[in-house]
């Protein structure tokens, strides 16, 4: 019902926040990636792609691991009252 819909909406907000952070981080690499591809510098392009992927993965881990280990605590900091199903949806 209503509680499940609210929980689903909040879990979507958490996912969207994580995606925004990693997306903005990857966007910062795009100009150099395009420049190295246009110049034909494939070794530097591969280096940039590898670094961007590793750093993005690290950022996701920093956001996801704490939420898996103590979801209720993190949500209780953000929300005064944690909806019933939110822990399992996040």
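In our numbering, the protein residues as written are 1037 to 1126. Using N, Cα and C, we set each Cβ at its ideal position, and we do this for glycine too. Computed from a predicted model, the values in this text were never measured in an experiment.
Rounded to whole angstroms, the separation of the alpha carbons of residue 1084 and residue 1114 is 35 Å. The shortest CA-to-CA distance from residue 1058 to any of 1076, 1093, 1120 is the one to 1093.
Taking 8 Å as the upper bound for CB-CB distance, residue 1119 and residue 1046 are in contact here, some 7 Å apart. In this structure, the beta-carbon distance from residue 1088 to residue 1065 falls below 7 Å.
The beta carbon of residue 1112 lies closer than 6 Å to those of 1118 in the same chain, with the five residues before and after it left out.
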